[in-house]
Each structure stands twice: as C-alpha cells, then as structure tokens.
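Colleague: Heads up: the sequence shown runs through residues -28 to -1, 1 to 332, numbered per mature numbering (1 follows the signal peptide of the UniProt record, and there is no 0).
Below you will find the structure I want to go over with you.
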Amino acid sequence: MKTLTRRLTLTLVLAGTLAASAAAFAVAADKDLIVFDWSGYEDPSFHPKYVEKNGDSPTFAFFGDEDEAFEKVRSGFKADLGHPCSQSVVKWREAGLLQPLDTSKITGWKDLNPGIMAMKDLATTPDGKAWFMPWDWGNTQLTYNTSKIDAKDVQSLKAFADPKFKGRVSIGDNVDDAYALASLAIGLKDWTKMTDDQFKQASDFLRQVHKNVRSYWTDTTDVVQLLSGGEVDLAWAWNDATVQSVAAGVPIMSKKDTDEGISTWVCGYVLFKDAPGNIDKAYDYLNAVNDPETAKVLVKDWGYGQANAKGMAGVDQAVLKEKGYDDVQKFVDKTLFQSPVPSDLKLKMIAEFEKIKAGY
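As structure tokens, then:
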C-alpha cells in the first residue's frame, strides 16, 4: 500500500483456534509488542521513532477486515494494539475487548482533528474515557480507467449497477464500504438512521451491482492488480488504489464529485484489554504513528490524511492539492461518514451482504 517499488505483504489468514503461535505473525520483530493491523501498515516509515527508541519494529499480525479481526480476538487471539475503523469501535468496546487509553501518555493528543474527535461515541465516551486514537482517514470513492470510461458515464454512483459495465466492476469484499456505496446511491448520507425500507433499497442496489462485479477485492494490492491488469475498469476503492495505479503508469482516476458523493472513514488504534506485551512500548508506538511527520508519508505515498491536525498543516500545499486535501470542505456536504451504526443494523448488513455475494 505504499509505492511502486514496495510490494505489500499478503493479508495473513489466521486459522484454527488462533492461539498465539508463530503462524499468527506475518512480521515478527520486537516480541514485547504485537500490533494487529491491516496489511501494509507494518511499513517502518510510519513508526521510525519507535524503532529509534526500541531498536526494532513491533511484531505485526494481520487481518483482512474488522469483523474477521473482531471474531479472532473474541476467540482468544492475543495482541496489544488493534487498528479498527470508526464503524467498528463501539462494537469492539461493548464486547469488552478494549481498555481505556491513558491520554496523558499520548504526545499530541490535543492536536487531533477537532472534527474527527467530535464524532459521537468514537474516540471518547460521555464519561470522559478515551478508547480510540484516530490516526488515518480517507475516502472510498468511484475509481475508473480514463482510457476505457468517459467521465460523463460515471457521474452517478448508479453506474455501478448499469448493465453496460457488466463484468467490468469491482467493489470491496467489505460490508461497510458496500453499504456506504448503496446508502449514497439511494440518497442516504446518515446511515445511522437507515430505516427498514432504506435497508431494502440499499440491498436491492447491491444485488444489481453484483450482476456487474467481476471480482470483490480484499485489499489494495488486489484492486490495484485488477485495475492495472485491465480486468476491471470501474471500482469502489480507497484513495491509495489511485495513487498506486498512477505510480504504475495506469490511467486511473478517482472521482469525488459524483452526484451522490463519496464515503469517508476514520481508522485508528485501540489498546486491547488483555494486552500481553509491554504497555510502555504500546504508547511508544502510538506516539510514533501520531508524530506530525508521519502525515507526509500518509498523504504523499498513500493518499490518506492523518488525524493529527498539526501533521496535516505541515504537508506541502502542492501535495495536499494533488491528493485532494487542500479544500476538504468542498466535498464534506456530499459525503457519508462511516460512523458507528446500531449493532442490530450492522448484523443485518453482514448477513445480507453474504447472501448478495452468493447470488441471492
């Protein structure tokens, strides 16, 4: 997920009962800290100050999506830090998987973006406890091959269900991104208020999209290969899919100005309740990734924003403009923020999406 010269580690599939065995770790280094993360985030350029202080990177274990990660941790897999996104934090917290963060140990906590920190029931709870350190944020957006598709044909997200694109589409094998797309397509910006009728409309839209899907991508490496190899021309993908494809010389463009807009998500780090490692090193890692200098890597090489406002302010304006972060407000009014949804609605989404992918 970084640059053309960098190959991502394939997502590790943790099997069995998930005892803390050697097979669980794709990148084993500092044994005193285990970070359960998305593939690609083990990149040392995200945590140079951790290495400087501790002599090595943490040990990383990987998951493919947050529901998979949730089940693994609930089944007994042990790690110190996890990297969920906004729509999953409440679920993880309510399941008793997390312990509060000591914000006095997190340098730059007060520099975190006020807008992100104001998201209801995310970083903190009404009792003042902090459970989540926002770190990376970005978009899931319409992404297309400009040599194969005319911009006017993808002005609407309804293009994903247009029969003309049969066999040329890919969306993520990710229930949150899928229903973010469907919610936007039916005109819903706040999915936390989704009614039963709107849920049916969104699900029906995804069934139409399924008829056009050539492949459901599982990570950025996957969707970049699909786009770069010409297997698909239209995708619902994260920012870095465009960055990597362009770096590979493929005419891929993301389109934030569709009629219905884009989806915005925020991911970050949590401290597991039964963290087996060194707690001081856990905070060393949080401080390392929250360092303002990290924003330059996130924005330039991944196309993502850093939740640390001071970090974003330090990124070159030309780079911010190139990556679409020079005027965030211009698309905020047409975005669906992936805020936590009620647990019963999330369960319905998961069950329905599995049926849709199976052709039902």
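C-beta: ideal position from N, C-alpha, C; glycine also.
Starting from Tyr116, trace the beta strand (DSSP E) in both directions and tell me its first and last residue.
Modeller: Taking the first residue of the sequence shown as 1, we reach residue 116 at position 144. Segment Met105 to Asn117, the beta strand (DSSP E) holding Tyr116.
Colleague: When we look at the beta-carbon of Thr307 and count the other beta-carbons within 10 Å, is it buried (16 or more) or exposed?
Modeller: Within the sequence shown, numbered from 1, the residue matching residue 307 stands at position 335. When all chains shown are included, Thr307 counts as buried.
Colleague: Can you tell which of Ala67, Trp103, Ser58 and Leu70 has its C-alpha closest to the C-alpha of Ile78?
Modeller: Here residue 78 corresponds to residue number 106 of the sequence shown, with the count starting at 1. Among Ala67, Trp103, Ser58 and Leu70, the Cα nearest to that of Ile78 is on Trp103.
Colleague: From Phe18 to Ser128, what does the alpha carbon distance come to, in whole angstroms?
Modeller: If you number the sequence shown from 1, residue 18 lands on position 46. If you number the sequence shown from 1, residue 128 lands on position 156. Rounded to the nearest angstrom, the two C-alpha atoms are 35 angstroms apart.
Colleague: If you follow the beta strand (DSSP E) that Lys64 is in, where does it begin and where does it stop?
Modeller: Start at 1 with the first residue of the sequence shown, and residue 64 comes out as number 92. Rather than Lys, the amino acid found at residue 64 in this sequence is Trp. Element bounds for Trp64: not the beta strand (DSSP E) but the alpha helix (DSSP H), Val61 to Glu66.
Colleague: For Val204 and Val222, I'd like the C-alpha separation in whole angstroms.
Modeller: For the purposes of this step, residue 204 is taken as the residue at position 232 of the sequence shown. For the purposes of this step, residue 222 is taken as the residue at position 250 of the sequence shown. Using only the alpha carbons, I get a separation of about 12 angstroms.
Colleague: Report yes if the CB atom of Leu156 is closer than 9 angstroms to the CB atom of Ser226, and no otherwise.
Modeller: As a working mapping, residue 156 is identified with position 184 in the sequence shown. As a working mapping, residue 226 is identified with position 254 in the sequence shown. Cβ atoms of Leu156 and Ser226: not closer than 9 angstroms.
Colleague: Report the residue from Lys3, Gln216, Ala33 and Gly27 whose alpha carbon sits nearest the alpha carbon of Glu14.
Modeller: On the sequence shown, position 42 is the one that residue 14 refers to. When C-alpha distances from Glu14 are compared across Lys3, Gln216, Ala33 and Gly27, the shortest belongs to Ala33.
Colleague: Within its chain, find whatever has a CB closer than 6 angstroms to the CB of Gly240; leave out the 5 residues flanking it on each side and keep chain order.
Modeller: Working through the sequence shown from its first residue, we reach residue 240 at position 268. So the list reads Phe104, Met105, Pro106 and Trp107, once near-sequence residues are dropped.
Colleague: Tell me whether Pro56 is buried or exposed, calling it buried when 16 or more other Cβ atoms sit within 10 Å of its Cβ.
Modeller: Residue numbering aside, residue 56 sits at position 84 when the sequence shown is read from its first letter. Buried, by the Cβ-count rule.
Colleague: Secondary structure at residue 354, three-state DSSP: helix, strand or coil?
Modeller: No answer is possible for residue 354: the residues shown for the chain start at -28 and end at 332.
Colleague: Our contact map puts Glu324 next to Ser175 with C-beta atoms below 8 angstroms; I'd like the distance itself, whole angstroms only.
Modeller: Locating residue 324 in the sequence shown gives position 352, where the first residue counts as 1. Locating residue 175 in the sequence shown gives position 203, where the first residue counts as 1. Contact holds; Cβ gap of about 5 angstroms.
Colleague: Look at the alpha carbon of Arg(-23) and the alpha carbon of Ala1, and state the distance between them as a whole number of angstroms.
Modeller: Locating residue -23 in the sequence shown gives position 6, counting from the first residue. Locating residue 1 in the sequence shown gives position 29, counting from the first residue. Because Arg(-23) sits at a pLDDT of 30, beneath the cut-off of 50, its placement in the model cannot be relied upon, and the point is left open.
Colleague: From Trp64, Leu53 and Tyr255, pick the residue whose C-alpha is nearest to that of Ser315; which is it?
Modeller: Position 343 of the sequence shown, counting from 1, holds the residue named residue 315. Per the Cα distances, Trp64.
Colleague: Along the chain, where does the beta strand (DSSP E) containing Ala209 start, and where does it finish?
Modeller: As a first step, residue 209 is located in the sequence shown; it is residue number 237 there, counting from the start. Where Ala209 is concerned, the enclosing beta strand (DSSP E) starts and stops at Leu206 to Trp210.
Colleague: Given this structure, state the Cα-to-Cα distance separating Ile328 from Asp37, to the nearest angstrom.
Modeller: Counting from 1 along the sequence shown, the entry for residue 328 is found at position 356. Counting from 1 along the sequence shown, the entry for residue 37 is found at position 65. Spanning the two alpha carbons is a distance of roughly 18 angstroms.
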